[in-house]
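Peer 1: Under this note's numbering, the first residue of the sequence shown is numbered 331, with each subsequent residue one higher.
Where a beta carbon is used, it is the ideal one built from N, C-alpha and C, also for glycine.
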Amino acid sequence: LRVAGEAWLARIPRRIGYARDGRGLLLTHAVPVPPRNPARLHQRYYYLDLITVWGGLDDDSMPELQKTAIATTDSRPTVAICPGAEYGPAKRWFIDHFLAVAKHFITTRRARIVLLGATGDMSLAEEFSRRLPEAENRVGKTSLEEFMTALAAARLVVCNDSGAMHVASVLGVPTVAIFGSTEPLLTGPLGPRTTVLRHHVPCSPCFL
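1) Would asparagine 490 be called buried (16 or more neighbouring beta carbons within 10 Å of its own) or exposed?
2) Is there a Cβ of chain D sitting closer than 8 Å to that of cysteine 533, yes or no?
3) Where does histidine 359 land, buried or exposed, given buried means 16+ other C-beta within 10 angstroms?
4) Roughly how far, in whole angstroms, is the beta-carbon of threonine 505 from the beta-carbon of arginine 523, given that I think they are within contact range, below 8 Å?
5) Which residues in the same chain as lysine 421 place their Cβ atom closer than 8 Å to its Cβ, once the five residues preceding and following it in sequence are excluded?
6) Determine the closest residue to alanine 480 out of Pro535, Ala337, Thr402, with distance taken between C-alpha atoms.
7) Are at least three pairs of beta-carbons, each pair with one atom in the region 463-474 and one in the region 386-397, less than 8 Å apart?
8) Cα-Cα, which of Glu464, Arg353, Phe458, Pro535 is closest to leucine 515?
9) If valine 409 and alanine 441 are in contact, beta carbons under 8 Å, what's the gap, nearest whole angstrom?
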């Protein structure tokens with residue numbers, strides 16, 4: 331409802347969306363919610379179905395993103411850690427666990443640890459940095475292009491169920507995604523080099 335309200339207040343002349351959550355009256359083109367299809371459970375199909383109603387292609391192939399090379403004299407492998415996620419702690423692995431992973435790669439691979447994320451993740455990153463000062467904290471300090479470039483340069487990305495996870499996955503970077511109460515079948519990464527580690531809870535998908 332909020333998103334439809336914002337589009338209506340902005341006087342956008344053509345507002346297309348699903349007729350649900352009370353937003354139908356605010357749309358110029360309200361689309362019925364498609365029936366549940368076990369073969370199309372992932373959320374990407376929810377958006378694709380909205381596009382195909384208006385003649386768009388039903389193409390669920392992965393986009394190809396161009397990677398920008400970074401010149402560096404540091405020979406250490408980079409492990410990018412993205413400790414944040416929207417919707418608060420329900421989707422966030424504990425900082426202690428991320429720290430344990432970082433220390434493991436520092437000890438076993440002499441890895442360079444880089445923290446990446448949005449401004450909303452800064453408090454998490456600051457706590458991480460206090461406890462592991464050798465980590466390079468770039469959370470909230472990059473543009474979107476710089477964020478993607480840093481992900482593309484990593485040997486490994488470790489992250490929550492988050493936007494960073496999807497970007498790293500599409501870039502083809504080896505990615506380990508941590509899932510708890512959310513459901514990988516619905517919102518999991520789609521790239522070819524991603525591993526999902528999950529602790530299942532009975533109410534999933536939820537925000538326990």
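Peer 2: In short, the structure shows the following:
1) Start at 1 with the first residue of the sequence shown, and residue 490 comes out as number 160. With 16 or more other Cβ atoms within 10 Å, it is buried.
2) This model lacks chain D altogether, as it is built from one protein chain only.
3) Within the sequence shown, numbered from 1, the residue matching residue 359 stands at position 29. That one is exposed.
4) On the sequence shown, position 175 is the one that residue 505 refers to. On the sequence shown, position 193 is the one that residue 523 refers to. The Cβ separation is near 7 Å, so the contact holds.
5) Here residue 421 refers to the residue found at position 91 of the sequence shown. Contacts found: Ala415, Asn490, Asp491, Ser492, Gly510, Ser511, Thr512, Phe537.
6) Numbered from 1 along the sequence shown, position 150 holds the residue referred to as residue 480. Comparing Cα-Cα distances from alanine 480 to each of Pro535, Ala337, Thr402, the minimum goes to Thr402.
7) The region 463-474 makes no contact with the region 386-397: fewer than 3 CB pairs, one atom from each, lie closer than 8 Å.
8) For the purposes of this step, residue 515 is taken as residue 185 along the sequence shown, with counting starting at 1. Restricting attention to Glu464, Arg353, Phe458, Pro535, the CA atom closest to the CA of leucine 515 is found in Pro535.
9) In the sequence shown, counting from the first residue as 1, residue 409 sits at position 79. In the sequence shown, counting from the first residue as 1, residue 441 sits at position 111. Rounded to whole angstroms, the Cβ separation of valine 409 and alanine 441 is 5 Å, and the two are in contact under 8 Å.
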